[in-house]
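Asker: Pasting a structure here, questions to come.
Protein chains: 2
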Amino acid sequence: MSRQTLSNLELFRGLPTAALDDVLASATARSFARDFRVFNQGETRVRAHVLINGWIRISQSGSDGAQIVVRFIGPGDIFGAISLFTDRRYPADADTLTEATEVSWSDRALLDLMNNHPQIAINAVRIVGQRLQEAQHRVRELATQRAERRVAHALLRLLRQVGTMTSRGFVIRFPLRRKDVADIAGTTLYSASRILSSWERAGWLKTLDRRIAVESLSELMRIAEDESGSDITTFP
Amino acid sequence: MSRQTLSNLELFRGLPTAALDDVLASATARSFARDFRVFNQGETRVRAHVLINGWIRISQSGSDGAQIVVRFIGPGDIFGAISLFTDRRYPADADTLTEATEVSWSDRALLDLMNNHPQIAINAVRIVGQRLQEAQHRVRELATQRAERRVAHALLRLLRQVGTMTSRGFVIRFPLRRKDVADIAGTTLYSASRILSSWERAGWLKTLDRRIAVESLSELMRIAEDESGSDITTFP
DNA sequence: CGAACTGTTGACCGTCGTCAAGATCTGTGG
DNA sequence: CCACAGATCTTGACGACGGTCAACAGTTCG
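Protein sequence lines correspond, in order, to chains A and B.
Position one of the first sequence corresponds to residue 1 (the numbering used here), numbered consecutively onward.
Position one of the second sequence corresponds to residue 1001 (the numbering used here), numbered consecutively onward.
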């Protein structure tokens, strides 16, 4: 874990070298296997985490078992950190989707760092603010758009965040089950399956080993944007 | 605008007197009439606002005209401030529901204040973090619960935030149109009207001059919590 | 090789969005 | 104070979107 690595993280951007040394001094690094539960919703020994590499899924479930995927965490993202400032309980579950390594800080350590280096706190406001805007956008989407379009948006968002160009088209870099897609788009496993199948039939994407490869971005974007629903892609 | 007032605001909590003087020095106060547009979605001359008294509705609309109410702002709440850190455009509209007075700071001034007094930035992280959690809770609600329960939750949330006990029951302190209720709960004007009417018929609440008075909190809570939908309150 | 997980598809039908018509309320100008 | 226009609310009718259940096919892994 070098200062260089650290200064590339959005949370620690713009800090002088001395500050980075402070940050390093109180950091704890850990590694996880795939499919490992990093923390549980409701747990109280909260820390502020930054993912160094790998992928993590943050998901939240209600008392009735209904579940949503809150977001996917990739290299450089912070996670589990907001709870330090609110009720000091993780508001969601975190599971690794791949092998992963992270660095974390105790609540006390992070607060001290912020007090000594205000830029860290300002960075945090920016990061959390962006997520708030995303969340509100998602609220509007759920309240006003239908399932097919929400799935299209969800895929496009993922592609933008974690897409990579390959010979097979734009591929989402980690395995996604139908249930994951459903929990991201706010629909059911069944509807998600139907929608993705119909798109596969239309030749716009393929799934190989749980990894979704989009071949025709433009069609996806059309569904995401068009006012009128498409006719080809509706339910059989 | 006194230091005392200032130190009661969540954003400036825990600051030494000297810091409060700094804050005051760069503040600008304004007053608005009822039904005044404080800022528009997309506008770029952003400032950080704190409402001193009155009520403001923050709402967001998509390119298709679909609208949601993001939140209601009451005395002491900050608003329009997150955009300072992200894309420097207001992400929503702000309208006064009553006469109102606010204080605001320029982006530059707020950043300077945060740099000089890290506690302000830490307070901001806490505030924005709470809103993020609320937004995510709302996402789950929209994705998993049906309209009637969402309306019940919306009213309960409003009562908790801005309810007051009167002889007529618990009253929401500002006028709410059916359309507002719909935009909060993520449903349509028609469904909201039907649901509220059915509750009026059941004697659980009344609307007088756009102000909703809940007489039977417990029934509302039952609808909000129950796993199985009620039978009396479903659509006619 | 069987158990557990994942994905697909059909059938059914309830919730709730949409449209239309009318009632009621509110504010403005004569 | 009345008249009238515009906003707001209520209610009915209709039907489609999509949630739910069931059955089964493929995969994965101990």
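No residue lacks a Cβ here, since even glycine has one placed at the ideal position from N, Cα and C.
Model, not experiment: these values are computed from the prediction.
Determine the contact status of residue 170/A and residue 213/A, defining contact as a CB-CB distance below 8 Å.
Answerer: The residue labelled residue 170/A in the question sits at position 170 within the first sequence. The residue labelled residue 213/A in the question sits at position 213 within the first sequence. It is a contact, given that the beta carbons lie within the stated cut-off.
Asker: Thinking just about the alpha-carbon of each residue, which of 28/A, 219/A, 67/A, 182/A is nearest to the one in residue 1141/B?
Answerer: Your numbering for residue 1141/B matches position 141 in the second sequence. Cα-wise, what sits closest to residue 1141/B is 67/A.
Asker: Starting from residue 1094/B, trace the beta strand (DSSP E) in both directions and tell me its first and last residue.
Answerer: One-based indexing of the second sequence puts residue 1094/B at position 94. Unbroken beta strand (DSSP E) run through residue 1094/B: 1093–1096.
Asker: Within 10 Å of its beta-carbon, does residue 227/A have 16 or more other beta-carbons around it, so buried, or fewer, so exposed?
Answerer: Position 227 of the first sequence, counted from the first residue, corresponds to residue 227/A. Any answer about residue 227/A is weak, because its pLDDT of 40 lies below 50 and its placement is not dependable; what the coordinates show is given next. By the neighbour-count rule (16 or more Cβ atoms within 10 Å), residue 227/A is not buried but exposed.
Asker: Run the CB neighbour count on residue 229/A, radius 10 Å, all protein chains shown included, and call it buried at 16 or more, exposed below.
Answerer: In the first sequence, the residue the question calls residue 229/A occupies position 229. Because the pLDDT of residue 229/A is 34, which lies under 50, any placement of that residue in the model is unreliable, and the number read from its coordinates should be weighed accordingly. So residue 229/A counts as exposed.
Asker: Based on Cα-Cα distance, which residue from 50/A, 119/A, 115/A lies nearest to residue 5/A?
Answerer: Position 5 of the first sequence holds residue 5/A. For residue 5/A, the nearest C-alpha among the options comes from 50/A.
Asker: Hey, quick one: how far does the beta strand (DSSP E) through residue 1049/B stretch, first residue to last?
Answerer: Looking up residue 1049/B in the second sequence gives position 49. Element bounds for residue 1049/B: 1047–1053.
Asker: Taking its Cβ as the centre, do 16 or more other Cβ atoms sit within 10 Å of residue 2/A, making it buried, or is it exposed?
Answerer: Locating residue 2/A in the first sequence gives position 2, where the first residue counts as 1. Exposed: under 16 other Cβ atoms inside 10 Å.
Asker: If we count the other Cβ atoms within 10 Å of its Cβ and call it buried at 16 or more, is residue 1161/B buried or exposed?
Answerer: Numbered from 1 along the second sequence, position 161 holds the residue referred to as residue 1161/B. Answer is exposed; the Cβ neighbour count stays below 16.
Asker: Check the C-beta distance from residue 1151/B over to residue 1187/B and give it rounded, since I have them as a contact under 8 Å.
Answerer: Numbered from 1 along the second sequence, position 151 holds the residue referred to as residue 1151/B. Numbered from 1 along the second sequence, position 187 holds the residue referred to as residue 1187/B. Yes, residue 1151/B and residue 1187/B are in contact; Cβ-Cβ is about 7 Å, under 8 Å.
Asker: Check distances from the C-beta atoms of the region 126–148 of chain A to those of chain B and list, in chain order, the residues that come in under 7 Å.
Answerer: 126, 128, 129, 130, 131, 132, 133, 135, 136, 138, 139, 140, 142, 143, 144
Asker: Anything in chain B within Cβ reach of residue 196/A, meaning under 7 Å, just list it in chain order.
Answerer: The sequence position of residue 196/A within the first sequence is 196, counting from 1. Within 7 Å Cβ-Cβ: nothing; residue 196/A doesn't reach chain B, min ~18 Å.
Asker: Which word fits residue 1208/B, buried or exposed, when buried means at least 16 other C-beta atoms lie within 10 angstroms of its C-beta?
Answerer: Locating residue 1208/B in the second sequence gives position 208, counting from the first residue. By the 10 Å Cβ count, residue 1208/B comes out exposed.
Asker: Can you list, in chain order, the stretches of the alpha helix (DSSP H) that have 4 or more residues and sit fully within the region 1162–1217 of chain B?
Answerer: 1178–1185, 1189–1202
Asker: Is there at least one Cβ from chain B nearer than 8 Å to residue 16/A's Cβ?
Answerer: Within the first sequence, residue 16/A is the residue found at index 16, counting from 1. Cβ-Cβ to chain B under 8 Å: no for residue 16/A.
Asker: For residue 1228/B, would you say it is in contact with chain A, using Cβ-to-Cβ distances shorter than 8 Å as the test?
Answerer: Taking the first residue of the second sequence as 1, we reach residue 1228/B at position 228. Confidence in residue 1228/B is poor, its pLDDT being 33 and thus under 50, which makes the residue's placement too unreliable to answer from.
Asker: Just to make sure I have the definition right: I need the residues of chain A whose C-beta is within less than 7 Å of the C-beta of residue 1070/B. Which are they?
Answerer: Here residue 1070/B refers to the residue found at position 70 when the second sequence is read from its first residue. Within 7 Å Cβ-Cβ: 136.
Asker: Restricting to Cα atoms, I'd like to know which of 147/A, 137/A, 178/A, 196/A is closest to residue 1063/B.
Answerer: The residue you call residue 1063/B lines up with position 63 of the second sequence. Comparing Cα positions, the closest option is 137/A.
Asker: Would you please verify whether the beta carbon of residue 237/A is less than 8 Å from any beta carbon of chain B?
Answerer: One cannot answer for residue 237/A here, as it falls past the ends of chain A, which runs 1 to 236.
Asker: Please check if any C-beta of chain B sits within less than 8 Å of the C-beta of residue 9/A.
Answerer: Residue mapping note: residue 9/A aligns to position 9 of the first sequence, counting from 1. Judged by the 8 Å Cβ criterion, residue 9/A is not in contact with chain B.
Asker: Under 6 Å Cβ to Cβ from residue 1219/B, same chain only, skipping five residues before and after it: list those, please.
Answerer: Within the second sequence, residue 1219/B is the residue found at index 219, counting from 1. Excluding sequence neighbours, residue 1219/B sits near 1204.
Asker: Within 10 angstroms of its Cβ, does residue 1225/B collect 16 or more other Cβ (buried), or is it exposed?
Answerer: Reading the second sequence from its first residue, position 225 is the one you call residue 1225/B. By the 10 Å Cβ count, residue 1225/B comes out exposed.
Asker: Can you pull the DSSP bridge partners for residue 1106/B?
Answerer: Here residue 1106/B refers to the residue found at position 106 of the second sequence. Residue 1106/B is bridged to 1047/B.
Asker: Should residue 53/A be labelled buried (16 or more other beta-carbon atoms within 10 Å of its own) or exposed?
Answerer: Counting from 1 along the first sequence, the entry for residue 53/A is found at position 53. Answer is exposed; the Cβ neighbour count stays below 16.
Asker: For residue 1182/B and residue 135/A, what's the separation of their Cα atoms in angstroms?
Answerer: Your numbering for residue 1182/B matches position 182 in the second sequence. Your numbering for residue 135/A matches position 135 in the first sequence. Cα-Cα distance, rounded: 19 Å.
Asker: Please name the residue, chosen from 216/A, 61/A, 117/A, 126/A, that lies closest to residue 1144/B on a Cα-to-Cα basis.
Answerer: The sequence position of residue 1144/B within the second sequence is 144, counting from 1. Measuring from the Cα of residue 1144/B, the nearest candidate turns out to be 61/A.
Asker: Roughly how many angstroms lie between the CA atoms of residue 80/A and residue 1166/B, to the nearest whole one?
Answerer: By 1-based counting over the first sequence, the position of residue 80/A is 80. By 1-based counting over the second sequence, the position of residue 1166/B is 166. Each residue's Cα considered, the two are about 41 Å apart.
Asker: Which same chain residues, not among the five before or five after residue 73/A, have their C-beta less than 8 Å away from its C-beta?
Answerer: Start at 1 with the first residue of the first sequence, and residue 73/A comes out as number 73. Taken in chain order, the residues that qualify are 51, 55, 56, 57, 58, 79, 94.
Asker: Can you tell which of 211/A, 14/A, 36/A, 210/A has its C-alpha closest to the C-alpha of residue 99/A?
Answerer: Here the question's residue 99/A lines up with position 99 in the first sequence. With distances taken between Cα atoms, residue 99/A lies closest to 36/A.
Asker: If residue 1048/B sits next to residue 1104/B, beta carbons under 8 Å apart, how far is it from one beta carbon to the other, in whole angstroms?
Answerer: Taking the second sequence and counting its residues from 1, the one referred to as residue 1048/B is at position 48. Taking the second sequence and counting its residues from 1, the one referred to as residue 1104/B is at position 104. The pair is a contact, with the Cβ atoms about 6 Å apart (cut-off 8 Å).
Asker: Within 10 Å of its beta-carbon, does residue 83/A have 16 or more other beta-carbons around it, so buried, or fewer, so exposed?
Answerer: To locate residue 83/A, count along the first sequence from 1; it is residue 83. With 16 or more Cβ atoms within 10 Å of its Cβ, residue 83/A is classed as buried.
Asker: Quick check: the Cα distance between residue 1012/B and residue 40/A, rounded to an integer number of angstroms?
Answerer: On the second sequence, residue 1012/B is found 12 positions in, with the first residue counted as 1. On the first sequence, residue 40/A is found 40 positions in, with the first residue counted as 1. Whole-angstrom Cα-Cα distance: 32 Å.
Asker: Tell whether a beta-carbon distance below 8 Å holds between residue 156/A and residue 221/A.
Answerer: For the purposes of this step, residue 156/A is taken as the residue at position 156 of the first sequence. For the purposes of this step, residue 221/A is taken as the residue at position 221 of the first sequence. Closer than 8 Å, so yes.
Asker: So the candidates are 1217/B, 1015/B, 1173/B; which of them puts its Cα closest to the Cα of residue 1210/B?
Answerer: Residue mapping note: residue 1210/B aligns to position 210 of the second sequence, counting from 1. Of 1217/B, 1015/B, 1173/B, the residue nearest in Cα terms is 1173/B.
Asker: Distance, Cα to Cα, residue 1158/B vs residue 1133/B?
Answerer: Within the second sequence, residue 1158/B is the residue found at index 158, counting from 1. Within the second sequence, residue 1133/B is the residue found at index 133, counting from 1. Residue 1158/B and residue 1133/B: Cα-Cα distance of roughly 16 Å.
Asker: For the region 1075–1101 of chain B, list every residue whose C-beta sits within 7 Å of some C-beta in chain A, in sequence order.
Answerer: 1082, 1085, 1086, 1091
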